[in-house]
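Just so you know, we're using the UniProt record's numbering here: the sequence shown kicks off at 1 and counts up by one.
Beta carbons: idealized from backbone N, C-alpha and C, even for Gly.
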Amino acid sequence: MGMFERDTEIYLDRDALREDYQPENLVGRDTELNRYRAALQPVINGEQPNNIFLYGKTGVGKTAGTRYLIDHLEEDAAKYEDIDLTVTMLNCDGLSSSYQIATRLVNEFRDETSQISTTGYPRATVYDMLWTELDSCGGTIYIVLDEVDHIEDDSILYQLPRARANGNLSSAKIGIIGISNDFSFRDDLSPKVKSSLCEEEIQFPAYDAKELIQILQQRADVAFHDGVLEDGVIELCAAYGAKDAGDARQSLDLLMKTGDLARDKDTDTISEALVREARDVLERGRIQEGISGLTQHGHLVVYAMVTLDQEGKTPARTRDIRPRYTNFAEKAGIDPLVPRRMRDHLGELSMLGIISAIERNEGRRGGTYREYSLEMDPEMILSALEKTVDDVGIHKSVTNLVDNEATLSDFQSP
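Here's what the structure looks like:
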């Protein structure tokens, strides 16, 4: 027997649980996909394509829905001789400026021997190169900008949708699809960009448990051998996913981790107990990864949230969190951030899923504000904040979670 043997007991096709797997049909997003399909219809009619803006939290089907519909759009457009459709998809993570987006797009439309450097050109020159490449391509061009909220200046978001109207393009018809996880990104756009980019807006809400069950069952039917999943496993994974902000990606990760544990333990079936064990492993990993990437101020904001949670003072507004954070910063020997920068850290923690944010509107008198709650296990969070707790000291609200005679390393998994 060799060192490596092929698994034939648990998985039939493990890749069906991966984020990049494209099922034949998308489930749980009928309303959004119908609106999205209608917004793409002008391409088939030979008309100017709509500019479309999608927004919603991570893992709610925005990118998957885009890939699904674009695949069908390209396939159907090919049936018409008078439609020449080109689609380019660009993930903006790591691209913070319009200049970087423009140079990347130029290179997308050029062959490998004619690529340009990402630095060293005036922006106007790069835009001229881009217009030349787009017009040379001709036909209908859809440019998909995933995670568009990473772009810190909105020049490219104004220039692309208006390129034809401004006389920069003569033959190509350009449409933009912007995809954002950040609900506030649209509101922060300048009015002229908003009017151009957001012709069609589609919000993708969080999945509920019923929709997650549909998604997980569809994937599980392909991924696992018959009879491997015990009753209740899909429902439990969906329940955890609904609790985790309705994130299908996290639900699928949980089901895959559970399958991996079953394979490692050489069990014949996957049980609810294994789901809970996998959940614990994943949550510890997410907390450790998320917190390790934060600044010292981010760590202090998290610690403040944990202590307020343990005192039963959450959901909490920024004005309630700030005094605790300021106190911790002073104890750590650093100057506290101004309120706006502290709110930025709260936003980052919300994006990471460590805390949740709910927007409240109390009308003209009370205004609009956000309330924050802790979303992950406080004991696990403290295990990742060992140095911060050492610097600040053990707050009285968490003494039951921290043994004064031990280090927080005792709480970490082996």
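Paired residues, beta bridge with residue i - DSSP
i           : result
S178        : The question names Ser, but residue 178 is Gly in the sequence shown. Paired residues: F53, L145.
residue 415 : Examination of residue 415 is not possible in this model, given that the chain is present from 1 through 414 alone.
S373        : S356
R317        : E371
Y86         : Going by the sequence as given, residue 86 is Thr instead of Tyr. Per DSSP, I141.
F224        : Y11
L229        : I270
8 Å contact criterion, which residue i and residue j should meet: CB distance rounded
i    : j    : result
G285 : I270 : Not quite, the Cβ-Cβ distance comes to about 20 Å (not below 8 Å), so this is no contact.
D76  : G138 : Not really, about 19 Å apart at Cβ, beyond 8 Å.
S383 : I355 : S383 to I355, Cβ: 17 Å. No contact.
E371 : R317 : 6 Å
I151 : C237 : Rounded, the Cβ-Cβ distance is 35 Å, inconsistent with contact.
A102 : V126 : 5 Å
Selection from the options that minimises the alpha carbon distance to residue i
i    : options                : result
E199 : Q217, D182, G175       : G175
Y21  : E230, H299, T88, M256  : M256
A206 : V106, F183, L189, N400 : F183
S114 : A357, R104, R123       : R104
N168 : L130, F204, D146, E201 : L130
V302 : E359, L352, K57        : L352
T119 : Y99, Q288, E19         : Y99
R274 : L254, D13, E289        : For the sequence presented, residue 274 should be read as Leu rather than Arg. Closest option to L274, Cα to Cα, is L254.
L26  : D247, L54, V193, L69   : L69
I381 : E371, L349, N361       : L349
I52  : Y36, R319, L134        : Y36
K79  : I101, L90, G46         : G46
K331 : R340, L252, V392, D344 : V392
M305 : E289, T326, A248       : T326
L40  : G241, I143, V60        : I143
S195 : L33, R162, N361        : R162
I213 : A239, H225, K192, G227 : A239
L229 : Q159, L12, D153, M3    : L12
I234 : H225, A245, G246, L252 : L252
G94  : E112, R322, L145, D320 : L145
L33  : G347, P42, D221, G61   : G61
D188 : D153, A172, Q288       : D153
K192 : T8, E5, Y158, D247     : Y158
With 16 other Cβ atoms within 10 Å as the buried cut-off, status of residue i
i           : result
I334        : exposed
H297        : buried
H72         : exposed
N400        : exposed
I156        : buried
D15         : exposed
N181        : buried
E147        : buried
Q310        : buried
P122        : exposed
T295        : exposed
S409        : Because S409 sits at a pLDDT of 43, beneath the cut-off of 50, its placement in the model cannot be relied upon, and the following sentence gives the value as read from the coordinates. It is exposed - the Cβ of S409 has fewer than 16 other Cβ atoms within 10 Å.
A242        : buried
residue 415 : In the structure as shown, the chain begins at 1 and stops at 414. Residue 415 is therefore absent and cannot be evaluated.
E375        : buried
S117        : exposed
T388        : buried
Extent of the continuous beta strand (DSSP E) to which residue i belongs
i    : result
A357 : 355-361
I156 : Careful: I156 lies outside any beta strand (DSSP E), inside the alpha helix (DSSP H) at 155-159.
E201 : 200-203
Span of the alpha helix (DSSP H) around residue i
i    : result
E133 : 123-137
S350 : 339-352
S171 : Per DSSP, S171 belongs to no alpha helix (DSSP H) and is neither H nor E.
A38  : 30-44
P378 : 378-384
V27  : Per DSSP, V27 belongs to no alpha helix (DSSP H) and is neither H nor E.
L197 : 191-197
S98  : 98-108
Q310 : 296-310
E75  : 62-77
S184 : 183-188
M256 : 248-264
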